[in-house]
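Residue numbers (our numbering), protein chains in the order written: chain Z, 1 to 265; chain P, 1001 to 1234.
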């Protein structure tokens, strides 16, 4: 153990495992995320290209008719890609000309600093998961709701990009408590994202993917009769969000290729 | 040949006028520089910063002598947060009634304690909202202890009970006998303590200037790897 590890704990790789069989598509994770991270809702949210949803639940079907029709809901936070070899070369980090987003090797979290961003949206173009959102408007809170603004998360302005941070401020708060109690490491329960805690079905698990004691350690590894996969794995983005399902059609949809395109494995 | 001889003659004739021109230029530049410096160093800061006064005077030295340590008033909460300023319930413990003849004492008791109102202290060190700063990470850090010249026992880190740890960053605020005015930048609304007293950006002590480069200077020395942005920015 090095001197730095004694003080701040060893390096972690925080990630998420989402059980698609459990997800009911209720959207509680989306609501919890917006409330936690100071995302406003505009009076008219019909145009989803202008909406901001750090956590977004997608619905997709197997495309068959009545007796065989199936639907799957897929919550999509930021994947916090580590890039090939885990060197932090995520698609967005590699292209940002302002260094407004970078890879935190201490936690494996991809940061987004809105005050540094100048809104070129190159990262949005680079992200294969559409996890990044642009502020087309200044945020406006309905009167009284500004009292519920979370002081731990900074407010964004018109013209900058934002995305899911895995509730990094909660990690900071957990670390504060650990420092106060003179511990180097934090417990699994001390740092959980807002969406994880809000999910009524318990479909989302969150923790350190490298820590055997954390639930995600087992869940993110191969299990008999279940597919554990990541979205668009063939792109080599090395995401830290895993999905689990027992249905073959759901698994195959995650690597969907365009018509007759060959899978590049 | 005659042409060559006449050339120095002509130069001699123009010499006094040339010197006068140089002197006038140098003098003009010197006056212009002095005026620019006066504007830049004296007038501009006055224009740029607005002066605000604290609601009442406060004697840090007297309180440290009686209360013992910084932590007696500036305590951490149990979840590791650092509220910074103590609440009025902290003051009531000693100041339920007026003590002494200081006018600030009367303001404290009559306007705040008896009415149960919090004192609207002005904060010198408030950072912009995009900055995350953890007091716990700094106060309990062995690296900070080294900086403060405190050698902690094996396994134990220093806390706020040691005034030297606080003084490592805050300077000798604990020895002050009066509050000072707060200078607020009229454009950004941030405190002058953040930008630094010296308009040219010179700082003798770490508390003289609290801009990002001051943070980076230390973090680059203490942390083995380059820090990620979100360690200090939110």
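The C-beta atom is built at its ideal place from N, Cα and C for all residues, glycine as well.
Checklist entry - Looking only at DSSP bridge pairs, what is residue 208 of chain Z linked to? => result Z:14
Checklist entry - If the cut is a Cβ gap below 9 angstroms, which residues of chain P does residue 175 of chain Z touch? => result 1080, 1134, 1136, 1137
Checklist entry - Would you say residue 1168 of chain P reaches chain Z, if we count a Cβ-Cβ gap shorter than 8 angstroms as a contact? => result no
Item to check | Partners in chain P for residue 192 of chain Z, counting only beta-carbon separations shorter than 8 angstroms | outcome: What residue 192 of chain Z touches in chain P: nothing, since even the nearest Cβ is about 15 angstroms away.
Checklist entry - Does residue 106 of chain Z come within less than 8 angstroms of chain P when only Cβ atoms are used? => result yes
Checklist entry - Taking the C-alpha atoms as reference points, what is the distance between residue 1226 of chain P and residue 1220 of chain P? => result 7 angstroms
Checklist entry - Going by the beta-carbon positions, is the gap between residue 55 of chain Z and residue 33 of chain Z smaller than 8 angstroms? => result The Cβ-Cβ distance between residue 55 of chain Z and residue 33 of chain Z falls below 8 angstroms.
Next on the checklist: DSSP has residue 244 of chain Z in a bridge; who is on the other side?
Outcome noted: Per DSSP, Z:19, Z:228.
Checklist entry - For residue 1133 of chain P, which of helix, strand or coil comes out of DSSP? => result Of the three classes helix, strand and coil, the one that applies to residue 1133 of chain P here is coil, per DSSP.
Next on the checklist: Given this structure, state the Cα-to-Cα distance separating residue 1102 of chain P from residue 1181 of chain P, to the nearest angstrom.
Outcome noted: 19 angstroms
Checklist entry - Between the C-alpha atoms of residue 125 of chain Z and residue 1178 of chain P, what's the straight-line distance to the nearest angstrom? => result 56 angstroms
Checklist entry - Who are the Cβ neighbours of residue 228 of chain Z in its own chain at under 8 angstroms, not counting the five residues just before and after it? => result 17, 219, 220, 221, 222, 242, 243, 244
Next on the checklist: Contact between the region 1095–1113 of chain P and the region 197–215 of chain Z is defined here as three or more beta-carbon pairs at a separation below 8 angstroms; is this criterion met?
Outcome noted: As far as the Cβ criterion goes, the region 1095–1113 of chain P does not touch the region 197–215 of chain Z, which means the pair count is below three.
Checklist entry - Opposite residue 75 of chain Z in the DSSP bridges: which residues? => result Z:57
Item to check | Which residues DSSP lists as bridging residue 1191 of chain P, in chain order | outcome: P:1184
Next on the checklist: What would DSSP say about residue 197 of chain Z, mapped onto helix, strand or coil?
Outcome noted: helix
Checklist entry - What residues in the region 1103–1137 of chain P have a beta carbon less than 9 angstroms from any beta carbon of chain Z? => result Within the region 1103–1137 of chain P, the residues whose Cβ lies closer than 9 angstroms to some Cβ of chain Z are 1128, 1129, 1130, 1131, 1132, 1134, 1135, 1136, 1137, listed in chain order.
Item to check | Start-to-end residues for the beta strand (DSSP E) that takes in residue 1049 of chain P | outcome: Per DSSP, the continuous beta strand (DSSP E) segment holding residue 1049 of chain P begins and ends at 1049–1052.
Checklist entry - Going straight from the alpha carbon of residue 166 of chain Z to that of residue 190 of chain Z, what length do you get? => result 13 angstroms
Item to check | Reduced DSSP secondary structure (H/G/I, E/B, other) of residue 1107 of chain P | outcome: Note: residue 1107 of chain P maps to helix in three-state DSSP.
Checklist entry - What residues from chain P crowd round residue 103 of chain Z, counting only those whose CB sits closer than 9 angstroms? => result 1228
Checklist entry - How would you list, in chain order, the residues of chain P whose beta-carbon sits under 8 angstroms from the beta-carbon of residue 166 of chain Z? => result Near residue 166 of chain Z there are no residues of chain P at all, since even the closest Cβ is about 10 angstroms away, more than 8 angstroms.
Checklist entry - How long is the line joining the alpha carbons of residue 1155 of chain P and residue 250 of chain Z, rounded to whole angstroms? => result Confidence is the limiting factor: at residue 1155 of chain P the pLDDT is only 45, short of 50, which leaves the residue's position unreliable, though a coordinate-based value still follows. In a straight line, the C-alpha of residue 1155 of chain P is about 52 angstroms away from that of residue 250 of chain Z.
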